[in-house]
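Visitor: Handing you this structure, nothing more for now.
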Amino acid sequence: MSGTMCSSNSVVQTQKLVDQLRLEASMERIRISLTAADLIQYCKDHRRSDPLLTGIAASSNPFKDKKTCTLL
Amino acid sequence: MRSPPIPEMATQEVQLSETLAHLKTESDTLKGKLEEERAKLHDVELHQVAEKVEGLGQFVMKTRRTLKGHGNKVLCMDWCKDKRRIVSSSQDGKVIVWDAFTTNKEHAVTMPCTWVMACAYAPSGCAVACGGLDNKCSVYPLSLDKNENLAAKKKSVAMHTNYLSACSFTNSDMQILTSSGDGTCALWDVESGQLLQSFHGHAADVLCLDLAPSETGNTFVSGGCDKKANVWDMRSGQCIQSFETHESDINNSSEADREVAIYSKESIIFGVSSVDFSLSGRLLFGGYNDYTINVWDVLKGTRVSILFGHENRVSTLRVSPDGTAFCTGSWDHTLRTWA
Numbered sequence: 001m002s003g004t005m006c007s008s009n010s011v012v013q014t015q016k017l018v019d020q021l022r023l024e025a026s027m028e029r030i031r032i033s034l035t036a037a038d039l040i041q042y043c044k045d046h047r048r049s050d051p052l053l054t055g056i057a058a059s060s061n062p063f064k065d066k067k068t069c070t071l072l
Numbered sequence: 001m002r003s004p005p006i007p008e009m010a011t012q013e014v015q016l017s018e019t020l021a022h023l024k025t026e027s028d029t030l031k032g033k034l035e036e037e038r039a040k041l042h043d044v045e046l047h048q049v050a051e052k053v054e055g056l057g058q059f060v061m062k063t064r065r066t067l068k069g070h071g072n073k074v075l076c077m078d079w080c081k082d083k084r085r086i087v088s089s090s091q092d093g094k095v096i097v098w099d100a101f102t103t104n105k106e107h108a109v110t111m112p113c114t115w116v117m118a119c120a121y122a123p124s125g126c127a128v129a130c131g132g133l134d135n136k137c138s139v140y141p142l143s144l145d146k147n148e149n150l151a152a153k154k155k156s157v158a159m160h161t162n163y164l165s166a167c168s169f170t171n172s173d174m175q176i177l178t179s180s181g182d183g184t185c186a187l188w189d190v191e192s193g194q195l196l197q198s199f200h201g202h203a204a205d206v207l208c209l210d211l212a213p214s215e216t217g218n219t220f221v222s223g224g225c226d227k228k229a230n231v232w233d234m235r236s237g238q239c240i241q242s243f244e245t246h247e248s249d250i251n252n253s254s255e256a257d258r259e260v261a262i263y264s265k266e267s268i269i270f271g272v273s274s275v276d277f278s279l280s281g282r283l284l285f286g287g288y289n290d291y292t293i294n295v296w297d298v299l300k301g302t303r304v305s306i307l308f309g310h311e312n313r314v315s316t317l318r319v320s321p322d323g324t325a326f327c328t329g330s331w332d333h334t335l336r337t338w339a
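Shown next as structure tokens:
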């Protein structure tokens, strides 16, 4: 009796796996040469809005210490 | 000694075994097909295509603030959208909200459990979510009144059957996405605590998740102990894509609009515990078990900088919402902001 239970559970699990694999196999895929070009373009397009790349003046970056003036 | 099976049951068993055998053959064929397809598409490496891209200059980044106050390992942190406040959670059971500019603690909550592995700031900045060994994700509205007991307003939202490993609000304060040691991810309605969608597919503990950045984004990626990174459709609960890696566990995942990138360098012996991209996606910051932070050029696949400061494993790392700095949490009980 328990033998049948185990088998039917395995069947259910394997069926799920096959369904998932079928789904993935049917997905449209693009070559890396194309997606890589996309990625590079994305980085270029957003370069200016990336403060860690372009750097901001210490005075406008709240995390960087401001230089203080001392009056002699 | 098993008694001989009844004839009908014997036939049933045989049928099931046959079905199982068919399914196994089909799954093997499909797996083989997928591998073939993937190999065909891998016509070139990213860094080869990126050869002509301008290299990055020198990087001078250092610790700008050290947040001290946790009594034990910092396990998780998140930035508030105001780019200034941070929530962090620790093994000591405490969740603290900090002003990262002044290093002042604004709120502190003691959770009923230790190992608070996940915490997240609500998009409005008015609440935080956290959870861990209590198997739940709870939301605490933040009060302007410093004397108010935050624990009194606590709302239990998510319930898993094992530890909570990560949580994140979606585009609003109304929904939370969670991942758990029970192998599932789930989407919850904060107000009612109702389960909106569950995501099954990981074969072991799910350790991390990250939402796709777009406003209309309906996908997220999760990584787990089964060495898989799965991309999910939030509305249907379907796993759209699955990546398998050769690294032992996926402790952290980060989505940069089109790709899930996992980097490793042969000379690095210690594992990465947390990663995040800079705003343009060009830089990848990794917090490591050897106490350092490595900064990578995503396109060229080279390391541009290595940062020292923490005195123990870096457990969590996030870039600030405006990209001006990033924050790390460590087993050395502190958090540091770097710029």
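As given, the protein sequences belong to chains A and B, one line each in that order.
Residue 33 in UniProt numbering is what sits at position 33 of the first sequence, and the numbering runs on without skipping anything.
Residue 141 in UniProt numbering is what sits at position 141 of the second sequence, and the numbering runs on without skipping anything.
Cβ coordinates follow ideal geometry from the N, Cα and C atoms, glycine included.
So with CB distances below 9 Å, who are the chain B contacts of Q41/A?
Guide: Going along chain B, no residue has its Cβ under 9 Å from Q41/A, so there is no contact; the nearest lies around 10 Å.
Visitor: Along the chain, where does the alpha helix (DSSP H) containing P51/A start, and where does it finish?
Guide: Segment 51-54, the alpha helix (DSSP H) holding P51/A.
Visitor: If you count every other CB in all the chains shown that lies within 10 Å of the CB of K265/B, and 16 or more means buried, which is it?
Guide: Low confidence applies here, because K265/B scores a pLDDT of 29, under 50, leaving its location unreliable and the question unanswered by this model.
Visitor: Report yes or no: is there a C-beta of chain A within less than 8 Å of the C-beta of D78/B?
Guide: With 8 Å as the cut-off, D78/B does not count as an interface residue toward chain A.
Visitor: Just to confirm, does V116/B get its C-beta within under 7 Å of one of the non-hydrogen atoms of the ligand GTP?
Guide: In the structure on display, the ligand GTP does not appear, and there are no ligands present to speak of.
Visitor: On the DSSP letters alone, give me the boundaries of the alpha helix (DSSP H) that S315/B sits inside.
Guide: Note, S315/B: premise wrong, no alpha helix (DSSP H); beta strand (DSSP E) at 314-319.
Visitor: Can you list, in chain order, the residues of the UniProt repeat "WD" (199-242) of chain B whose Cβ is nearer than 9 Å to any Cβ on chain A?
Guide: The UniProt repeat "WD" (199-242) of chain B vs chain A, Cβ under 9 Å: H200, G201, Q238, C239, I240, Q241, S242.
Visitor: Output the distance between the C-alpha atoms of S179/B and L317/B, rounded to the nearest integer angstrom.
Guide: Distance between the alpha carbons of S179/B and L317/B is about 18 Å.
Visitor: On the DSSP letters alone, give me the boundaries of the beta strand (DSSP E) that L284/B sits inside.
Guide: Element bounds for L284/B: 283-288.
Visitor: Compute the Euclidean distance between the alpha carbons of G125/B and D43/B, then round it to the nearest angstrom.
Guide: C-alpha separation (whole angstroms): 45 Å.
Visitor: Go through the stretch 108-138 of chain B residue by residue and report every complete run of the beta strand (DSSP E) that reaches 3 residues or more, in order.
Guide: Listed in chain order, they are 118-121, 127-131.
Visitor: Can you list, in chain order, the residues of its chain with a C-beta nearer than 7 Å to that of G237/B? Leave out the 5 residues immediately preceding and following it.
Guide: Correct list, in chain order: Q197, S198, F199.
Visitor: Do V74/B and R85/B have their beta-carbon atoms positioned less than 8 Å apart in this structure?
Guide: Not in contact: R85/B and V74/B (Cβ atoms no closer than 8 Å).
Visitor: Could you give the C-beta distance for S89/B and V116/B, rounded to a whole number, given that I count them as a contact under 8 Å?
Guide: So it is a contact: roughly 4 Å between Cβ atoms.
Visitor: Using a Cβ-Cβ distance cut-off of 8 Å, determine whether D43/B contacts chain A.
Guide: With 8 Å as the cut-off, D43/B counts as an interface residue toward chain A.
Visitor: For chain A, check one thing: does any of its Cβ atoms lie closer than 8 Å to the Cβ of L284/B?
Guide: Not an interface residue.
Visitor: I want to verify the contact list: residues of chain B whose CB lies under 9 Å from the CB of S26/A, in sequence order.
Guide: Within chain B, no residue comes near S26/A; the closest Cβ sits about 10 Å away, beyond 9 Å.
Visitor: Leaving out five residues on either side along the sequence, give the residues of the same chain with a beta carbon under 8 Å from the beta carbon of D173/B.
Guide: Hits under 8 Å: A122, P123, S124, C126, A127, V190.
Visitor: By Cβ distance, which residues of its chain are closer than 6 Å to D82/B, with the 5 residues on each side in sequence left out?
Guide: Answer for D82/B: G125, listed in chain order.
Visitor: Span of the beta strand (DSSP E) holding G32/B?
Guide: Looking at the DSSP string, G32/B is not in any beta strand (DSSP E); the run it does join, the alpha helix (DSSP H), is 7-41.
Visitor: Suppose the cutoff is 7 Å on Cβ atoms and the five residues either side in sequence are ignored; what does the same chain contact list for N72/B look like?
Guide: Result list for N72/B: S90, Q91, D92, H333, in chain order.
Visitor: So with CB distances below 8 Å, who are the chain A contacts of E244/B?
Guide: Result: empty, since nearest Cβ-Cβ is about 11 Å, beyond 8 Å.
Visitor: For E18/B, which residues in the same chain have their Cβ closer than 7 Å to its Cβ, ignoring the five residues on either side in sequence?
Guide: So no residue of the chain qualifies.
Visitor: If you count every other CB in all the chains shown that lies within 10 Å of the CB of A151/B, and 16 or more means buried, which is it?
Guide: Looking at its Cβ environment, which holds fewer than 16 other Cβ atoms inside 10 Å, A151/B is exposed.
Visitor: Roughly how many angstroms lie between the CA atoms of R38/B and L144/B, to the nearest whole one?
Guide: In a straight line, the C-alpha of R38/B is about 53 Å away from that of L144/B.
Visitor: Out of curiosity, what's the CA-to-CA distance linking E148/B and K105/B?
Guide: The straight-line gap from Cα to Cα measures roughly 15 Å.
Visitor: Mind listing the chain A neighbours of K31/B? Cutoff is C-beta to C-beta under 8 Å, in chain order.
Guide: Under the 8 Å cutoff, chain A gives L21.
Visitor: Which residue marks the beginning of the alpha helix (DSSP H) containing Q48/B, and which one marks its end?
Guide: Per DSSP, Q48/B belongs to the alpha helix (DSSP H) from 46-49.
Visitor: Determine whether the Cβ of G323/B lies closer than 8 Å to any Cβ atom of chain A.
Guide: Chain A, which has a Cβ nearer than 8 Å to the Cβ of G323/B, makes this yes.
Visitor: Using only alpha-carbon positions, find the residue among F243/B, V221/B, I306/B, G183/B that is nearest to residue 342/B.
Guide: Since the displayed chain B opens at 1 and closes at 339, residue 342/B lies outside it and no answer follows.
Visitor: Relative to the alpha-carbon of S280/B, which residue among S26/A, L39/A, S7/A, R22/A has its alpha-carbon at the smallest distance?
Guide: Among S26/A, L39/A, S7/A, R22/A, the Cα nearest to that of S280/B is on L39/A.
Visitor: Output needed for I306/B: all residues of its chain with C-beta closer than 6 Å, excluding positions within five of it in sequence on either side, in chain order.
Guide: Counting only Cβ-Cβ distances below 6 Å, and skipping sequence neighbours, we find T292, N294.
Visitor: Scan the stretch 7-29 of chain B for residues whose Cβ lies nearer than 7 Å to a Cβ of chain A and list them as they occur along the chain.
Guide: If the cut-off is 7 Å between Cβ atoms, the stretch 7-29 of chain B has M9, Q12, E13, L16, S17, T19, L20, L23, K24, E26, S27 near chain A.
Visitor: Near D233/B, what residues of its chain come up, given a Cβ to Cβ distance below 7 Å and the 5 sequence neighbours on each side ignored?
Guide: So the list reads N218, T219, I240, once near-sequence residues are dropped.
Visitor: Tell me which residues share the same chain as V60/B and place their Cβ nearer than 7 Å to its Cβ, disregarding the 5 neighbours each side in the sequence.
Guide: Cβ within range, chain order: n/a, list empty.
Visitor: Leaving out five residues before and five after G301/B in sequence, what residues of the same chain have Cβ atoms less than 6 Å from its Cβ?
Guide: So the list reads H47, once near-sequence residues are dropped.
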